[in-house]
Amino acid sequence: MNLRAMMFVATVLGLAAVASCGGDDPPVCPTGDCSLPGSTVVKWKFNNYPQYKFDSDACSDVGAVTVRVEMTQVEDPAITDFLDKGCGEGQATFIDLPFGMYNVSVLPLDLDGNVLVSTGGTGQILAGSSGAHTEVTVNVPYTAWTKAYTGQFLYRLSWGGPAVSCEASMPLVKNQTVTLTAGGVVRTEKSSIDNMPYQQLDGTDPKPCRALSDPFPQNVMGIPFGPATLLVVGTDATDAVVFRTQFDTFIGVGVFNPTLSFDVTPGM
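Converting from the sequence shown to our numbering requires adding 6 to each position, the first position being numbered 1.
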């Protein structure tokens, strides 16, 4: 190998040695702090009442486009933060909040940025510390909304067991009467089945009981949303009352509500 070739090889090896030492590579943690920031996650639901078998209304039901989440530290109320998120995202994540307990307020907004509630849904959460994650779900209650929403109520009835249809009940149920109270009054609307009017809902209109196997549930449109009660009475072939139960329930906003099942128990 001549002198020029030897010098070339030496130069290449020297550059490789410098590169292998990482002399020009940026540091792994430019700030010198490699710890991960804490994250504080706030999720929201609208009209969440699991005790009534109702999970929540959708953003489109209530007209919410954006949700604003406001955070105020309990120990020092001067420490605040907020995030605006698309309603359909279902959550807002705050990164590296100052440590402490925070009061949370969830405010749904319409397309024009108007607040849809008189007061926000509220909760509390401890801010996530370094590398840690905390999470809370805040319910916006039915009492908070400023609009007079209505909804569809869909239901099926069983008799003496969640899988027992009226034709198999003991005693045998022939007719049903239903009293629906919502918006503070007994409703006079008629239920329908497959878009055909069926039964007035003020407890004065006995009709043959509907089988659990019916392809469509009993339902009624345009009922004020919120808590409601459903009184169901079943009578036998002699019109004697053999089943009777009153249920607490909830009517959601709009037409895309779940079908609720009510098991009526024997009684006078």
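C-beta atoms are modelled at their ideal positions from N, C-alpha and C, and glycine is treated no differently.
(message) Please state whether the Cβ-Cβ distance between Asn137 and Ser45 is less than 7 Å.
(response) For the purposes of this step, residue 137 is identified with residue 131 of the sequence shown, where counting begins at 1. For the purposes of this step, residue 45 is identified with residue 39 of the sequence shown, where counting begins at 1. The amino acid occupying residue 137 in the given sequence is Gly; Asn does not appear at that position. No, the pair does not count as a contact, with Cβ atoms beyond the cut-off.
(message) Tell me the residue span of the alpha helix (DSSP H) that contains Asp67.
(response) Start at 1 with the first residue of the sequence shown, and residue 67 comes out as number 61. Unbroken alpha helix (DSSP H) run through Asp67: 65-68.
(message) Suppose the cutoff is 8 Å on Cβ atoms and the five residues either side in sequence are ignored; what does the same chain contact list for Val142 look like?
(response) Mapped onto the sequence shown, residue 142 falls at position 136. Take Val142, set aside five residues on each side of it, and the residues of its chain with a beta-carbon closer than 8 Å to its own are Val47, Val48, Lys49, Val110, Gly129, Gln130, Ile131, in chain order.
(request) Determine the DSSP secondary structure at Ala234, reduced to helix, strand or coil. (result) For the purposes of this step, residue 234 is taken as residue 228 along the sequence shown, with counting starting at 1. Residue state, collapsed to three classes: strand.
(message) Can you give me the C-alpha to C-alpha distance between Leu186 and Gln205, rounded to a whole angstrom?
(response) Looking up residue 186 in the sequence shown gives position 180. Looking up residue 205 in the sequence shown gives position 199. Distance between the alpha carbons of Leu186 and Gln205: 11 Å.
(message) I'd like to know whether the C-beta atoms of Val123 and Val144 end up nearer to each other than 7 Å.
(response) By one-based count along the sequence shown, residue 123 stands at place 117. By one-based count along the sequence shown, residue 144 stands at place 138. In this structure, Val144 does not lie closer than 7 Å to Val123 by Cβ.
(message) In this structure, how does DSSP classify Thr143 when only helix, strand and coil are distinguished?
(response) The count along the sequence shown starts at 1 and reaches residue 143 at position 137. DSSP places Thr143 in strand when its eight states are reduced to three.
(message) According to DSSP, is Gly167 part of a helix, a strand, or is it coil?
(response) Walking along the sequence shown from the start, residue 167 turns up at place 161. Gly167 falls in the coil class under three-state DSSP.
(message) Would Phe88 and Glu76 qualify as a contact pair, given that the criterion is a beta-carbon distance under 7 Å?
(response) By 1-based counting over the sequence shown, the position of residue 88 is 82. By 1-based counting over the sequence shown, the position of residue 76 is 70. Yes, the pair counts as a contact, with Cβ atoms nearer than the cut-off.
(message) Quick check on DSSP: helix, strand or coil for Glu76?
(response) One-based indexing of the sequence shown puts residue 76 at position 70. It is a strand residue.
(request) Identify every residue that forms a DSSP beta bridge with Pro114. (result) Start at 1 with the first residue of the sequence shown, and residue 114 comes out as number 108. Beta-bridge pairing links Pro114 to Val73.
(request) Classify Tyr58 as helix, strand or coil using the three-state DSSP reduction. (result) Here the question's residue 58 lines up with position 52 in the sequence shown. Shown here, Tyr58 sits in a helix according to DSSP, grouped into three states.
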